[in-house]
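K.L.:
Structure provided below as structure tokens; questions to follow.
Protein chains: 2
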Amino acid sequence: MAQNIYDDPAFFAAYAKFRRSAIGLDGAPEWAALRALLPPMASLRVVDLGCGYGWFCRWAREAGAAAVLGLDVSQKMLERAQADTQDAAIRYQRADLDVLDLPEAAFDLAYSSLALHYVEDFDRLVGAVHRALAPGGRFVFSIEHPLFMAPSQPAWVTLGDGRKVWPLDSYHHEGARTTDWLVKGVVKYHRTLGATLNTLIRRGFSIRHVEEWSPTPDQIAAIPEISQELDRPIFLLVATERQA
Amino acid sequence: MAQNIYDDPAFFAAYAKFRRSAIGLDGAPEWAALRALLPPMASLRVVDLGCGYGWFCRWAREAGAAAVLGLDVSQKMLERAQADTQDAAIRYQRADLDVLDLPEAAFDLAYSSLALHYVEDFDRLVGAVHRALAPGGRFVFSIEHPLFMAPSQPAWVTLGDGRKVWPLDSYHHEGARTTDWLVKGVVKYHRTLGATLNTLIRRGFSIRHVEEWSPTPDQIAAIPEISQELDRPIFLLVATERQA
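Chains A and U supply the protein sequences, listed in that same order. Sequential numbering from 1031 applies to the first sequence in the working numbering. Sequential numbering from 1031 applies to the second sequence in the working numbering.
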């Protein structure tokens, strides 16, 4: 069973205050870039891995998707998602991505926003997604960038000469990273960028786009501290297509 | 015209002392990993972009290639390559990768070892390689890893608490990096990993493998300081296939 921080009351309360929680997709700085990697949504059967409050599920339907299945490990998230949704073509279901099992060729798009770095066995998950997609189906996701996750101490350092740097080490030491984020002891799984892409390729996906997200000038003007993401990317966005 | 450091007498003399110069491919720690990305060589028409002393050209022929064209900007390198080669199926030719022009569909494999980070316009080069390959042809290369090139000051730093870290910054500031390596003022071009892959995809290559090279336990036992490459990869190896 995957760790389920989102049902921790302290975490849930803190998470609810994020812009991306409060105002939805447009509160996430990387959303526009992720949206640009999506196929035309009309008539698609969509599964959202880690749907949270269901913002993307509702957006997908508004954009023309035929049906959307939102999966999350957090019961609290799903309750909130259900309460905010009036649409019989959107279903929510509790699911642990570490043991995910989906019907075969049942979807045209698998989407995931910032959830897959909680998955320990990425290879298994990618296999499950591949089976669940129809040939030509897309798998589009964001995760925390490996550079953000890798360091033994992932916090900016100011050097004696004034440089503010990201103290990279441990890049090739893949596996669990335990950090304190809203609550103590959040477990994420670091994989190198190469390992992530090679797993997708080996499982039968072709890589369509690899976006190491960076803020736009407008975003930097609005939130100056976001400019640090130019120095060290925080999000990795990947678009793939299931080979026949 | 690209910078041609290899014809600088001081550079040439210093470069000649490297293991990879003195003993050839097996003197390069990443060679085994790069070789593993190559297709079966039998009967292939091969072009080597930045052939240096011609070690790979000769290896390719021994491995069964039908013909090999070695290209380099350095006249001294080509003279040495020619002097070390007795094989009419290997040709050497002076070429500037920044303005490379090759015959159409004339090759089955384009190979390059640690040369393409000197190329300013990668997009143009990839287009030239794509045209030069037959459909299904492979493009396999190594470059300095973007993480190695990105920092404003690419040198390890020891922090107050004893951590030895790679001071990452400037990752999204693509473009020229001037460093001192054997001689002063060597110009390389930093591109993000995503940009490199997306250029290949946009130009009609499918990504087959992305290897952020790391040393093997045997290599670390033999050369302990090479273990730092586990903390920050130095080489990026990419294998692609030309789409029909």
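Even glycine gets a Cβ: it sits at the ideal position worked out from N, Cα and C.
1. At a CB distance below 9 Å, what residues from the segment 1192-1219 of chain U approach chain A? Give them in sequence order.
2. In chain A, which residues lie with their C-beta within 9 Å of the C-beta of residue 1227 of chain U?
3. Determine, using beta-carbon pairs with one atom in the segment 1225-1244 of chain A and one in the segment 1208-1221 of chain U, whether at least three such pairs fall under 8 Å.
4. Compute the Euclidean distance between the alpha carbons of residue 1074 of chain U and residue 1150 of chain U, then round it to the nearest angstrom.
5. Mapping the DSSP letters down to three states, classify residue 1226 of chain A as helix, strand or coil.
6. According to DSSP, simplified to helix, strand and coil, what is residue 1220 of chain U?
7. Check the DSSP bridge columns for residue 1174 of chain A and list the partner residues they point to.
8. With 7 Å set as the bound, which would you pick, yes or no: does the beta-carbon of residue 1190 of chain A sit closer than that to a beta-carbon of chain U?
9. Interface residues of chain A around residue 1146 of chain U at Cβ under 8 Å?
10. Would residue 1098 of chain A be called buried (16 or more neighbouring beta carbons within 10 Å of its own) or exposed?
11. Specify, as a first and last residue, the run of the beta strand (DSSP E) that residue 1099 of chain A falls within.
12. In whole angstroms, what is the alpha-carbon distance linking residue 1162 of chain A and residue 1156 of chain A?
13. Within a Cβ cutoff of 6 Å, which residues of the same chain sit near residue 1260 of chain A, ignoring the five residues on either side of it in sequence?
14. Answer yes or no: does any C-beta atom of chain A fall closer than 7 Å to that of residue 1224 of chain U?
15. Is there a C-beta anywhere in chain U that falls below 7 Å from the one on residue 1233 of chain A?
16. In the DSSP assignment, the beta strand (DSSP E) including residue 1120 of chain U goes from what residue to what residue?
17. If distances are taken between C-alpha atoms only, which option among U:1178, U:1247, U:1272 comes closest to residue 1265 of chain U?
18. Kindly examine the ligand SAM and report whether one of its heavy atoms sits closer than 6 Å to the Cβ of residue 1253 of chain A.
19. Is residue 1048 of chain U helix, strand or coil when you go by DSSP?
20. Can you list the residues of chain U that residue 1187 of chain A reaches, using a CB-CB cut of under 7 Å?
21. Determine whether the Cβ of residue 1244 of chain U lies closer than 7 Å to any Cβ atom of chain A.
22. Kindly indicate which three-state DSSP category residue 1035 of chain U falls into: helix, strand or coil?
23. Using a C-beta to C-beta distance shorter than 8 Å, which residues of chain A count as neighbours of residue 1182 of chain U?
24. At the 7 Å Cβ level, is residue 1262 of chain A part of the contact set with chain U, yes or no?
25. Which residues of the segment 1151-1177 of chain A have a Cβ closer than 8 Å to any Cβ of chain B? Give them in chain order.
26. According to DSSP, is residue 1160 of chain U part of a helix, a strand, or is it coil?
27. Among residues of its own chain, excluding the 5 on either side of residue 1041 of chain A, which ones have a beta-carbon nearer than 7 Å to its beta-carbon?
28. Can you list, in chain order, the residues of its chain with a C-beta nearer than 6 Å to that of residue 1180 of chain A? Leave out the 5 residues immediately preceding and following it.
29. With three or more beta-carbon pairs closer than 8 Å as the criterion, would you say the segment 1059-1068 of chain A touches the segment 1122-1136 of chain A?
30. Are the Cβ atoms of residue 1141 of chain U and residue 1170 of chain U separated by less than 7 Å?
31. Would you call the segment 1131-1146 of chain U in contact with the segment 1073-1090 of chain U, where contact means no fewer than 3 C-beta pairs closer than 8 Å?
32. So, are the CB atoms of residue 1111 of chain A and residue 1148 of chain A less than 7 Å apart?
33. Could you compute how far the alpha carbon of residue 1102 of chain A sits from the alpha carbon of residue 1122 of chain U?
34. Compute the Euclidean distance between the alpha carbons of residue 1051 of chain U and residue 1045 of chain U, then round it to the nearest angstrom.
35. By DSSP, does residue 1196 of chain A sit in helix, in strand, or in coil?
36. Which residue's Cα is closest to the Cα of residue 1168 of chain A: A:1175, A:1054, A:1135, A:1088?
P.N.:
Well, looking at it:
1. Residues of the segment 1192-1219 of chain U that bring their beta carbon within less than 9 Å of a beta carbon in chain A comprise 1193, 1194, 1195, 1196, 1197, 1198, 1199, 1200, 1201, 1202, 1203, in sequence order.
2. Result: 1227, 1237, 1239, 1240.
3. No, because fewer than three Cβ pairs between the segment 1225-1244 of chain A and the segment 1208-1221 of chain U fall closer than 8 Å, the two stretches do not touch.
4. Residue 1150 of chain U has its alpha-carbon roughly 29 Å from the corresponding atom of residue 1074 of chain U.
5. Residue state for residue 1226 of chain A is assigned as helix, using DSSP reduced to three classes.
6. Residue 1220 of chain U: strand per DSSP, three-state reduction.
7. Under DSSP, residue 1174 of chain A shares a beta bridge with A:1265.
8. No, its Cβ sits nowhere closer than 7 Å to a Cβ of chain U.
9. Here the premise fails: no neighbours, minimum Cβ distance about 17 Å.
10. Counting the other Cβ atoms within 10 Å of the Cβ of residue 1098 of chain A gives 16 or more, which makes it buried.
11. From DSSP, the beta strand (DSSP E) with residue 1099 of chain A extends over 1097-1102.
12. Going by the C-alpha atoms only, they are around 10 Å apart.
13. 1244, listed in sequence order.
14. At least one beta carbon of chain A lies nearer than 7 Å to the beta carbon of residue 1224 of chain U.
15. No, no contact with chain U.
16. 1120-1124 is the extent of the beta strand (DSSP E) around residue 1120 of chain U.
17. Of the candidates U:1178, U:1247, U:1272, U:1178 places its Cα closest to the Cα of residue 1265 of chain U.
18. Ligands are entirely absent from the displayed structure, and the ligand SAM is therefore not among its contents.
19. For residue 1048 of chain U, the three-state secondary structure derived from DSSP is coil.
20. In chain order: 1189.
21. Cβ-Cβ to chain A under 7 Å: yes for residue 1244 of chain U.
22. DSSP, reduced to helix, strand and coil, places residue 1035 of chain U within a helical segment of the structure shown.
23. Those are 1193, listed as they occur along chain A.
24. True, the Cβ-Cβ gap to chain U drops below 7 Å.
25. Looking for chain B here will not work: the only protein chains present are A and U.
26. DSSP places residue 1160 of chain U in helix when its eight states are reduced to three.
27. In chain order, 1035, 1212, 1213 place their CB closer than 7 Å to the CB of residue 1041 of chain A, counting only its own chain and leaving out the 5 sequence neighbours on each side.
28. Answer for residue 1180 of chain A: 1200, 1201, 1220, listed in chain order.
29. Counting C-beta pairs closer than 8 Å gives fewer than three between the segment 1059-1068 of chain A and the segment 1122-1136 of chain A, which falls short of the contact rule.
30. Cβ distance < 7 Å, so residue 1141 of chain U and residue 1170 of chain U count as in contact.
31. Contact holds: three or more Cβ-Cβ distances are below 8 Å.
32. The criterion of a C-beta distance shorter than 7 Å is not satisfied by residue 1111 of chain A and residue 1148 of chain A.
33. If you draw a straight line from the Cα of residue 1102 of chain A to the Cα of residue 1122 of chain U, it is about 59 Å long.
34. Their backbone Cα atoms lie some 7 Å apart in a straight line.
35. In the structure shown, the three-state DSSP call for residue 1196 of chain A is strand.
36. Among A:1175, A:1054, A:1135, A:1088, the Cα nearest to that of residue 1168 of chain A is on A:1135.
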